[in-house]
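Notes follow once the structure below has been shown.
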Amino acid sequence: MCFLPLILDNMWDNELWSKAYVKQAVNDDYLRQEALTSLAKHTYKAEVMGGNLSGYLLNEYQKVHDALGHIPNGDVEDLWRRPTTALPSMFSNLCNDGPMLYIGLLALMNPSQVSVVQLAMLEQAATRLRYTFSFAKHIISLYPTELAGLKNFYRLLDLKNKMKDGCMPYSPAADSSGLSLEVRYESRVLCGCCSSYFQIDRNVSFNYPGAKSERDALKDVSFSIKAGQLVVIVGANGSGKSTILKLLTRYYDTTSGTVLIDGNPIQDYRIADLRSVTASLTQEHTLFPLSMSENIGIGSPSSVTNLDKIAQAAKLAGAQDVIKNFTDGYDTVLEPVKTAHLSYTGRGNEDLKKEYEKMEKTINVSGGEKQRLVASRTFMRMLSEDIKFVIVDEPSSALDPGGEYELFKQLREARKGRTMIFVTHRFAHLTKFADLILCMKGGSVIEMGTHQELLNHEGEYAHLYNVQAQAFT
Numbered sequence: 339m340c341f342l343p344l345i346l347d348n349m350w351d352n353e354l355w356s357k358a359y360v361k362q363a364v365n366d367d368y369l370r371q372e373a374l375t376s377l378a379k380h381t382y383k384a385e386v387m388g389g390n391l392s393g394y395l396l397n398e399y400q401k402v403h404d405a406l407g408h409i410p411n412g413d414v415e416d417l418w419r420r421p422t423t424a425l426p427s428m429f430s431n432l433c434n435d436g437p438m439l440y441i442g443l444l445a446l447m448n449p450s451q452v453s454v455v456q457l458a459m460l461e462q463a464a465t466r467l468r469y470t471f472s473f474a475k476h477i478i479s480l481y482p483t484e485l486a487g488l489k490n491f492y493r494l495l496d497l498k499n500k501m502k503d504g505c506m507p508y509s510p511a512a513d514s515s516g517l518s519l520e521v522r523y524e525s526r527v528l529c530g531c532c533s534s535y536f537q538i539d540r541n542v543s544f545n546y547p548g549a550k551s552e553r554d555a556l557k558d559v560s561f562s563i564k565a566g567q568l569v570v571i572v573g574a575n576g577s578g579k580s581t582i583l584k585l586l587t588r589y590y591d592t593t594s595g596t597v598l599i600d601g602n603p604i605q606d607y608r609i610a611d612l613r614s615v616t617a618s619l620t621q622e623h624t625l626f627p628l629s630m631s632e633n634i635g636i637g638s639p640s641s642v643t644n645l646d647k648i649a650q651a652a653k654l655a656g657a658q659d660v661i662k663n664f665t666d667g668y669d670t671v672l673e674p675v676k677t678a679h680l681s682y683t684g685r686g687n688e689d690l691k692k693e694y695e696k697m698e699k700t701i702n703v704s705g706g707e708k709q710r711l712v713a714s715r716t717f718m719r720m721l722s723e724d725i726k727f728v729i730v731d732e733p734s735s736a737l738d739p740g741g742e743y744e745l746f747k748q749l750r751e752a753r754k755g756r757t758m759i760f761v762t763h764r765f766a767h768l769t770k771f772a773d774l775i776l777c778m779k780g781g782s783v784i785e786m787g788t789h790q791e792l793l794n795h796e797g798e799y800a801h802l803y804n805v806q807a808q809a810f811t
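Each residue of the sequence shown is one higher than the last, beginning at 339 in my numbering.
Now the structure itself:
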């Protein structure tokens, strides 16, 4: 009789783990919450950091969390397990008192055979037995979930920001002129805002943290970029082109040497301030699991609902025709978060598999179309007068030559006095317009100058340029 409640609880449990089923989330607030949560993944790290988007994303997450209110958003198996009526619980509680009722009847029928002490001991034993088995069942059911939660909790506690923030504000001037950059040797630089010194070795060198190679990714690099210049960095794969951009945007700090912005060490400035005046477009950038409108508008969070600006940015990137082809236009979500799940047991059920495939709908676009859509976000950012520094790192690998030429042309025209740095393998569309070209090899800047100056020098740049030119003759 002591085991009857436990047996009944197991009989009434709604467990899905052994069943074939397909589940799908359909609540819009829940799906948006999942989409915003997914932006914390490493896939989007560079763009969320570079675009200073954390504040906007946290604010949007709070809004959707409040909108969900008391709607349960746990795992579907947990929700399914919850009873829909109180009757099983009532009957189970009645059965819990079964041993006491039985003992009470014995006492009434045979008072001489059952003492009060025996009655109390039997009740206590029955209660302990029920509690022990119920608690064991509860712990076993919670163990996997709680263990995973604890692992995540302690992992988050161990996370530390390795990048020390500066304390000097960086405020853009009223006009849209660019910032100046300098990478050079400094014997000692004083940070006036916090009275700390930076000990600097000769020139800028850098190696990625944890790199297995002893060879520096950058070695003895020095150059100066004036405010408003258009700079092109060229060189073979692995020469250090993209690494320079990561130092200029302070994704990493130099191993030795210093980067100066407007005459001050980059470490002095608040990181958020620097990134608020920077726009970037790189080969790592991708689409967010949000609507097309928000995908573009998030480039300038303060204008995320400005449909006119969003349309203008899409036009500059050549993406307006791509968006027009979508049935839902700017409301289209190209890469939505996963909304459905097919159970392990259900994978052998063809009917369930067909239903699952209908639920997970995606829209396929070409690589070139995707790059245009991603570029729209950068143009949206460049429409802000606060932007003073633009970096572009090989963003057109999937575009045809005509599309690449048009994209680079629009980027140059949208510059409007800002400092702009291109990293590219292809010379024709950019180098003739550059105020300064940096030619890299083996992690060092081996040549610098204008297009004509470097051709006249007949060095590495001239060699790379002529190799490309021969391909079209």
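Don't be surprised by glycine CBs; every beta carbon is placed ideally from N, CA and C.
Residue i versus the options, residue with shortest Cα-Cα distance
i	options	result
Gly755	Ala565, Ala358, Met501	Ala565
Arg361	Pro547, Leu377, Asp646, Thr683	Sequence check: residue 361 is Lys here, not Arg. Taking only the C-alpha atoms, the option nearest Lys361 is Thr683.
Ala363	Glu688, Leu391, Ile409	Ile409
Leu628	Ala800, Ser376, His789, Val660	Ser376
Ser560	Leu519, Val572, Asn545, Pro547	Leu519
Tyr546	Asn390, Arg588, Phe771	Arg588
Ser631	Leu406, Thr700, Val712	Val712
Glu790	Met778, Gly780, Phe771	The amino acid at residue 790 is misidentified as Glu; the sequence shows Gln. Ranking Met778, Gly780, Phe771 by Cα distance to Gln790 puts Phe771 first.
Ala373	Lys357, Gly393, Glu398	Glu398
Leu369	Glu785, Lys584, Lys676, Tyr382	Lys676
C-alpha gap between residue i and residue j, whole angstroms
i	j	result
Ala752	Ile648	15 Å
Asn448	Thr470	30 Å
Leu793	His767	16 Å
Gly388	Val521	20 Å
Thr624	Ser782	29 Å
Leu745	Val728	14 Å
Ser735	Gln621	8 Å
Leu556	Thr593	9 Å
Asn702	Val671	11 Å
Leu737	Gly656	11 Å
Ala800	Gly578	19 Å
Ser714	Thr665	19 Å
Ile609	Ser640	19 Å
Leu406	Glu385	27 Å
Gly797	Thr788	13 Å
Leu645	Ala652	10 Å
Leu619	Thr596	24 Å
Phe544	Leu517	23 Å
Tyr359	Leu690	7 Å
Leu598	Ala378	30 Å
Gln808	Met697	51 Å
Any non-hydrogen atom of the ligand GTP within 7 Å of residue i CB
i	result
Met697	Because no ligand of any kind appears in the structure shown, any question about the ligand GTP cannot be addressed here.
Strand pairing of residue i, partner residues [DSSP]
i	result
Tyr607	Met506
Gly787	Ile775
Ser543	Ser594
Lys361	His679
Leu619	Val730
Phe760	Val570, Val730
Ser782	Lys779
Val521	Phe561, Val597
Leu556	Phe544
Rounded distance between the beta-carbons of residue j and residue i, thought under 8 Å
i	j	result
Gln567	Leu774	6 Å
Val572	Thr757	Not a contact, Cβ separation roughly 18 Å.
Phe765	Gln806	6 Å
Asp600	Met506	At roughly 10 Å, the Cβ-Cβ gap does not stay under 8 Å, so Asp600 and Met506 are not in contact.
Gly541	Asp554	Checking the sequence shown, residue 541 turns out to be Asn, not Gly. Actually they do not touch by this definition, with Cβ atoms about 11 Å apart.
Met720	Ala617	5 Å
May I have a chain-ordered list of the alpha helix (DSSP H) segments no shorter than 4 residues that lie completely inside the segment 687-727? 688-697, 705-720
Alpha helix (DSSP H) runs wholly inside the segment 559-602, at least 4 long, in chain order: 579-586
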